[in-house]
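In my numbering, the protein residues as written are 42 to 428.
Note that the Cβ used here is the ideal one computed from N, Cα and C, for glycine as well.
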Ligand SMILES: *Cc1c(COP(=O)(O)O)cnc(C)c1O
């Protein structure tokens, strides 16, 4: 074991995949998003997700696809970003599904001398203004060109820029997607996928959707919005939302989704020194912390090099089931926490997992949820366990 390490619980990943594919079986195909090294879980995770029922995956790039293929040679795999023309042969070798972002790209791609029949997905830009088609005649033209080629038009999709909880932009994107694909016969295209995890959990399924992509939820986080609690203030909030929803004719938001999702990633470290600090002494860079009383601290061999961010306000770690606050600055490879007298060198330190949720970690590091997972997953040695 290294001093600091990430544990990936494969049973939990399998459990999540099963729970999600069963609950959302109305989508015939569930595309597991495993970009960013499977959100920091590593491509070894793919087979656990597969066993749980995810039968299609998507990565961002050819490089990620190469890593995934070391663990699974055959599962259908969509590459979300356009593959460089000079590497179409590698894409064929890796047996990829390709995303087509515009007509220009398609025309050049179709001239490729590589002899391989690719499944293709047309990417629609319904308001993200990143990748994708913005003109319905071009969408139609693309479909015609593909149908005349050696390749198959397997899918058409878009990505939402917003979560759609009381925001008209979400509904506008759905409408725009329908408009941009209105010259296609969607019933002839096997995979129509509009959204990601939040679309799946917080919104009713769009009739045209036959597939869904999911990232964060698969790794064990219920991202569905929660209902407001009791009390007058919350009643007023709920009433305001209802009014807003009616006024702008917004689509329904599903709250409080009941599903047992289990986080699979946790991060542990060990204590490298225990030390007594007297009242009035300072700890860390800039002497930023002054002990108000005599305290005992544990020095931990972790810092922003381990993907934890250098922000430390409110940060705690768990030792023996107790939350211990960080004292002083977080350095590149070390930080200190205040501990009880009974803490010993053998005690395991949990940085993420157990009492410390991803949400907490995200708040005290100032990083987004996926960003936390990526950081701790990439920067620490990873160990896989089955329960
Ligand atoms: C990252 C990504 C997703 C997954 O999003 P989550 O919010 O993690 O579910 C889905 N679709 C595309 C195109 C993505 O880039």
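Rounded to whole angstroms, what's the CA-CA distance from residue i to residue j? Just pull it up for me.
i: residue 97; j: residue 160; result: 13 angstroms
i: residue 188; j: residue 151; result: 11 angstroms
i: residue 95; j: residue 306; result: 19 angstroms
i: residue 250; j: residue 234; result: 5 angstroms
i: residue 201; j: residue 348; result: 28 angstroms
i: residue 395; j: residue 413; result: 16 angstroms
i: residue 375; j: residue 364; result: 18 angstroms
i: residue 214; j: residue 372; result: 43 angstroms
i: residue 247; j: residue 337; result: 57 angstroms
i: residue 346; j: residue 421; result: 9 angstroms
i: residue 308; j: residue 392; result: 5 angstroms
i: residue 43; j: residue 311; result: 9 angstroms
i: residue 323; j: residue 369; result: 8 angstroms
i: residue 318; j: residue 262; result: 39 angstroms
i: residue 334; j: residue 48; result: 36 angstroms
i: residue 256; j: residue 352; result: 26 angstroms
i: residue 268; j: residue 198; result: 30 angstroms
i: residue 321; j: residue 274; result: 44 angstroms
i: residue 282; j: residue 207; result: 7 angstroms
i: residue 226; j: residue 164; result: 16 angstroms
i: residue 287; j: residue 277; result: 15 angstroms
i: residue 331; j: residue 361; result: 25 angstroms
i: residue 327; j: residue 377; result: 14 angstroms
i: residue 379; j: residue 82; result: 30 angstroms
i: residue 46; j: residue 180; result: 47 angstroms
i: residue 385; j: residue 254; result: 45 angstroms
Under 8 angstroms between C-beta atoms, does residue i make it to chain D?
i: residue 249; result: In summary, chain D is missing from the structure at hand, where a single protein chain is found.
Counting only the same chain and skipping the five closest in sequence on each side, list residues whose C-beta sits under 8 angstroms from that of residue i.
i: residue 430; result: The first residue shown for the chain is 42 and the last is 428, placing residue 430 beyond what the model contains.
i: residue 158; result: 191, 192, 193
i: residue 178; result: 224
i: residue 245; result: 292, 293, 295
i: residue 182; result: 144
Along the beta strand (DSSP E) that carries residue i, what are the first and last residues, could you check?
i: residue 307; result: 306-310
i: residue 122; result: Residue 122 -> no beta strand (DSSP E), and no H or E assigned at all.
i: residue 162; result: 160-164
i: residue 225; result: Per DSSP, residue 225 belongs to no beta strand (DSSP E) and is neither H nor E.
i: residue 392; result: 390-393
For residue i, is the classification buried or exposed, using 16 other Cβ atoms within 10 angstroms of its Cβ as the cut-off for buried?
i: residue 174; result: buried
i: residue 56; result: buried
i: residue 426; result: exposed
i: residue 104; result: exposed
i: residue 411; result: buried
i: residue 76; result: buried
i: residue 354; result: exposed
i: residue 284; result: exposed
i: residue 299; result: exposed
Counting along the chain, where does the alpha helix (DSSP H) carrying residue i start and finish?
i: residue 54; result: 51-64
i: residue 284; result: 273-288
i: residue 423; result: Note, residue 423: premise wrong, no alpha helix (DSSP H); beta strand (DSSP E) at 422-426.
i: residue 103; result: 103-110
i: residue 134; result: 129-134
i: residue 404; result: 399-406
Within a Cβ cutoff of 6 angstroms, which residues of the same chain sit near residue i, ignoring the five residues on either side of it in sequence?
i: residue 313; result: 340, 342
i: residue 356; result: 367, 405
i: residue 130; result: 155
i: residue 50; result: 305, 426
i: residue 416; result: 348
i: residue 135; result: 106, 110
Relative to ligand 3, is the shortest distance from any of its heavy atoms to the C-beta of residue i smaller than 7 angstroms?
i: residue 239; result: With respect to small molecules bound, the structure shown includes ligand 1 and not ligand 3.
Note down, in chain order, each residue of its chain lying with its Cβ closer than 7 angstroms to the Cβ of residue i, except the 5 sequence neighbours on either side.
i: residue 149; result: 126
i: residue 168; result: 202, 210, 213, 214, 217
i: residue 69; result: 251, 252
i: residue 408; result: 350, 416
Check the DSSP bridge columns for residue i and list the partner residues they point to.
i: residue 376; result: 341
i: residue 254; result: 72
i: residue 363; result: 360
i: residue 317; result: 337
i: residue 234; result: 198, 252
i: residue 331; result: 323
i: residue 140; result: 162
i: residue 174; result: 165
i: residue 46; result: 309, 422
i: residue 97; result: 72
i: residue 118; result: 98
i: residue 87; result: Residue 87 pairs with nothing; no bridge assigned.
i: residue 368; result: 377
i: residue 193; result: 160
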